[in-house]
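Chemist: Just dropping this structure here.
Number of protein chains: 2
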Amino acid sequence: MSEESQEITAAILVIGDEILSGRTKDKNIGAIADVLTEIGVDLREVRIVPDVEAEIVAAVNALRARYTYLFTSGGIGPTHDDITADSVARAFGVGIDVDERARAMLLERHRPEDLNAARLRMARIPHGADLIANPISKAPGFHIGNVYVMAGVPQIMNAMLDAIRPTLTANAPVISETIEAGAIPEGNFASDLSAIAARHGNVSIGSYPSMTPEGFRNRIVVRGRDADAVEAARAAITAMLDGLRPANQR
Amino acid sequence: MSEESQEITAAILVIGDEILSGRTKDKNIGAIADVLTEIGVDLREVRIVPDVEAEIVAAVNALRARYTYLFTSGGIGPTHDDITADSVARAFGVGIDVDERARAMLLERHRPEDLNAARLRMARIPHGADLIANPISKAPGFHIGNVYVMAGVPQIMNAMLDAIRPTLTANAPVISETIEAGAIPEGNFASDLSAIAARHGNVSIGSYPSMTPEGFRNRIVVRGRDADAVEAARAAITAMLDGLRPANQR
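Top to bottom, those sequences are chains A and B.
Be aware that the first sequence starts at 24, since it is given in this note's numbering, and climbs by one per residue.
Be aware that the second sequence starts at 24, since it is given in this note's numbering, and climbs by one per residue.
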């Protein structure tokens, strides 16, 4: 992680009042995070904002300036609260209109006489954007600059993500090793783990407790792009934990 | 929503590399959102940032300045990657030390000889903060100014949220009415719904498609603090949808 300037990074922006009210529980953040980790893009920040143009514009401009990629989810349907496309156009300072490629996609699903003004809203695409195909309900997403605008419905978002995935530039994938500390309390190994982390600066080491019916269980995760460095840290942590276990559990 | 300055608002800041890598799927955002909606606090923004002090400090200061309340989750354990307390102290420009009240709480769970340097990290509390009790594993959260710092483990976070909930100032609760549009396509009612939304400016109206095994299903949600206004919008939407349904389904 020392050559920060070469890192391929990303942010996610989830757009929608329904997530902030708790009515809908987001599933897209975790799904995008998984894909980015698989291909080796560092997800650095996530924001969730309401269906308010000024909020969307501000978040898009803050995040697209700071990270290699910005992925958005939500707000590209036909109803009045779907304002993502217009907001992204405003963030980029470009116009927006019905895009003939997008209209053609909608006509794969809808008869011409059903393509009313509301449905045509889904064909409004900022000038200069490329489309992201939607194999499920046809209304496309789009990307403009480094911003990828996707649907909020998880099944459609995942299909769009599959479509753009091969086009993304990635780092070497991050290798992740999980070490089960089991019931050893975090407080018993935290000092040793800190010392190991200090000696292995080329990996990141995290400790993650979870509550189970049997009590707390802890996992330690080593992440890095250099396989030898990850293995060295993993071995050091395993040896450290073994020293803390009762002899009959080693 | 017209008297913006009187609104009680909130943001959530989730702290942790494990959420950004996808290894852990966040459950706290939805849980906090549900509680805030129940008590009538408007959740306006969520951010997720990594275990990096500068990122945490910047997010805490941006969000605490902008909203009535900021709730954080994650990074208050005993390991080296738990840097939330120190970061919040830095954000507020105050010192941080082992807090005797917090040490006493830890001693409810740990013998004095087990209260090593790592565990004592969990008693490090920014100067001027009040503690938030942790009935599960004793290590407390804290609040300072308008910032509430809670654990990342969902069971503990929920217990802390229960503890602080009665202390929060809230608006009149938001009333929410859900109208099932069923299989009527969004594109068939979007224009009418937009007109209804324009006539009912004192409520917010959202349309939420979801994919089911039987195809898309749509729900319309009306939210507002004035019961009569919510009911008026609900009645208008129901009448509009009835006009779109085949006669035998009305």
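Backbone N, C-alpha and C fix where the C-beta goes; we use that ideal spot for every residue, glycine too.
Just so you know, these numbers come straight off a predicted model, no measurement behind them.
Out of Ser44(B), Asn181(B), Ala252(B) and Ser233(B), point me to the one whose CA is closest to Thr95(B)'s CA.
Modeler: Comparing Cα positions, the closest option is Asn181(B).
Chemist: Quick check on this structure: which residue in Gly205(A), Asn194(A), Ile79(A) and Arg248(A) has the alpha carbon closest to the alpha carbon of Phe115(A)?
Modeler: The candidate whose alpha carbon is nearest that of Phe115(A) is Ile79(A).
Chemist: Tell me whether Arg234(A) sits in a helix, a strand or coil according to DSSP, three-state version.
Modeler: Correcting the residue type first, residue 234(A) is Met in the shown sequence and not Arg. Strand, per DSSP.
Chemist: Would you say the segment 148 to 167 of chain A touches the segment 123 to 140 of chain A, given that touching needs at least three Cβ pairs under 8 Å?
Modeler: Taking 8 Å as the limit for Cβ pairs, the verdict is that the segment 123 to 140 of chain A does touch the segment 148 to 167 of chain A.
Chemist: On the DSSP bridge assignment, give the partners of Leu93(A) in chain order.
Modeler: Leu93(A) is bridged to Ala34(A) and Val170(A).
Chemist: From Ile35(B) to Thr190(B), what does the alpha carbon distance come to, in whole angstroms?
Modeler: C-alpha separation (whole angstroms): 17 Å.
Chemist: With Ser214(B) as the anchor, note down where its alpha helix (DSSP H) starts and where it stops.
Modeler: Run containing Ser214(B): Glu209 to Arg222, per the alpha helix (DSSP H) assignment.
Chemist: Pull the bridge partners of Ser199(A) from the DSSP assignment, please.
Modeler: According to DSSP, Ser199(A) bridges with Arg246(A).
Chemist: Consult DSSP for Ser110(A) and reduce its assignment to one of helix, strand or coil.
Modeler: Residue state, collapsed to three classes: helix.
Chemist: Under a three-way DSSP split, which group does Pro269(A) fall into?
Modeler: In the structure shown, Pro269(A) sits in coil (DSSP, three-state: anything other than H, G, I, E or B).
Chemist: What are the boundary residues of the beta strand (DSSP E) that Ile148(B) is part of?
Modeler: Taken as a continuous stretch (DSSP letters only), the beta strand (DSSP E) holding Ile148(B) covers Arg147 to Pro149.
Chemist: Tell me whether Ile187(A) sits in a helix, a strand or coil according to DSSP, three-state version.
Modeler: Ile187(A): helix per DSSP, three-state reduction.
Chemist: Are the C-beta atoms of Arg70(A) and some chain B residue less than 7 Å apart?
Modeler: Closer than 7 Å to some Cβ of chain B, the Cβ of Arg70(A) qualifies, so yes.
Chemist: Given this structure, state the Cα-to-Cα distance separating Gly229(A) from Lys48(B), to the nearest angstrom.
Modeler: Going by the C-alpha atoms only, they are around 15 Å apart.
Chemist: Identify, in the order they occur along the chain, each residue of the same chain with its Cβ nearer than 8 Å to the Cβ of Pro149(B), setting aside the five sequence neighbours on each side.
Modeler: Only Ala108, Val111, Ala112, Phe115, Val117, Gly118, Ile119, Phe165 and Ile167 meet the Cβ criterion.
Chemist: When the cut-off is 7 Å and only beta carbons count, does Gly100(A) lie next to chain B?
Modeler: True, the Cβ-Cβ gap to chain B drops below 7 Å.
Chemist: Does the beta carbon of Ala81(A) sit closer than 7 Å to a beta carbon anywhere in chain B?
Modeler: Cβ-Cβ to chain B under 7 Å: no for Ala81(A).
Chemist: Is Arg70(B) helix, strand or coil by DSSP?
Modeler: Note: Arg70(B) maps to strand in three-state DSSP.
Chemist: For Ala81(B), which residues in the same chain have their Cβ closer than 7 Å to its Cβ, ignoring the five residues on either side in sequence?
Modeler: For Ala81(B), where only same-chain residues beyond five positions count, there are no Cβ hits under 7 Å.
Chemist: The alpha helix (DSSP H) with Ile42(A) in it runs from where to where?
Modeler: Residues Asp40 to Leu43.
Chemist: From the DSSP secondary-structure annotation, give me the bridge partner or partners of Leu154(B).
Modeler: Leu154(B) is bridged to Phe165(B).
Chemist: So, for Ile42(B): in the same chain, excluding its five sequence neighbours on each side, which residues have a beta-carbon less than 6 Å away from its beta-carbon?
Modeler: Contacts found: Asp49 and Ile71.
Chemist: Can you tell me whether Val117(A) is helix, strand or coil according to DSSP?
Modeler: Three-state result, Val117(A): coil.
Chemist: Might you give, ordered along the chain, the residues of its own chain that have their beta carbon closer than 6 Å to the beta carbon of Arg126(A), omitting 5 neighbours on each side?
Modeler: The answer, listed in chain order, is Ala146.
Chemist: Taking 6 Å as the cut-off, is the CB of Leu143(B) close to at least one heavy atom of the ligand MG?
Modeler: Looking at this structure, you won't find the ligand MG or any other ligand, since it has none at all.
Chemist: Can a CB atom of chain B be found closer than 7 Å to the CB of Glu136(A)?
Modeler: Output row for Glu136(A): interface = no.
Chemist: Would Asn211(B) and Leu264(B) qualify as a contact pair, given that the criterion is a beta-carbon distance under 7 Å?
Modeler: Taking 7 Å as the Cβ cut-off, Asn211(B) and Leu264(B) do not qualify as a contacting pair.
Chemist: In chain A, which residues lie less than 8 Å from Thr47(B) when you measure between Cβ atoms?
Modeler: Within 8 Å Cβ-Cβ: Tyr231.
Chemist: Ignore the nearest five residues each way along the sequence and tell me which others in Val58(B)'s own chain have a CB closer than 8 Å to its CB.
Modeler: Hits under 8 Å: Leu184 and Arg188.
Chemist: What are the boundary residues of the alpha helix (DSSP H) that includes Ala206(B)?
Modeler: Per DSSP, Ala206(B) belongs to no alpha helix (DSSP H) and is neither H nor E.
Chemist: Using only the alpha-carbon positions, how far apart do Thr21(B) and His103(B) sit?
Modeler: The question about residue 21(B) has no answer, for chain B in this structure spans 24 to 273.
Chemist: Take Pro73(B) and list the residues in its own chain whose beta-carbon comes closer than 6 Å to its own, dropping the five residues that flank it on each side.
Modeler: Here the set comprises Asp40 and Leu43.
Chemist: For Thr192(A), count neighbouring Cβ atoms within 10 angstroms of its own Cβ and tell me buried if that reaches 16, exposed if not.
Modeler: So Thr192(A) ends up on the exposed side.
Chemist: When the Cα atoms are used, what is the spatial distance from Val207(B) to Glu200(B)?
Modeler: Reading off the sequence, residue 207(B) comes out as Ile, not Val. For Ile207(B) and Glu200(B), the distance between alpha carbons rounds to 18 Å.
Chemist: If we count the other Cβ atoms within 10 Å of its Cβ and call it buried at 16 or more, is Ser227(A) buried or exposed?
Modeler: Label assigned to Ser227(A): buried.
Chemist: Closer than 7 Å, Cβ to Cβ, to anything on chain B: give me those residues from the segment 174 to 188 of chain A, in chain order.
Modeler: Cβ contacts with chain B come from Val176 and Gln178.
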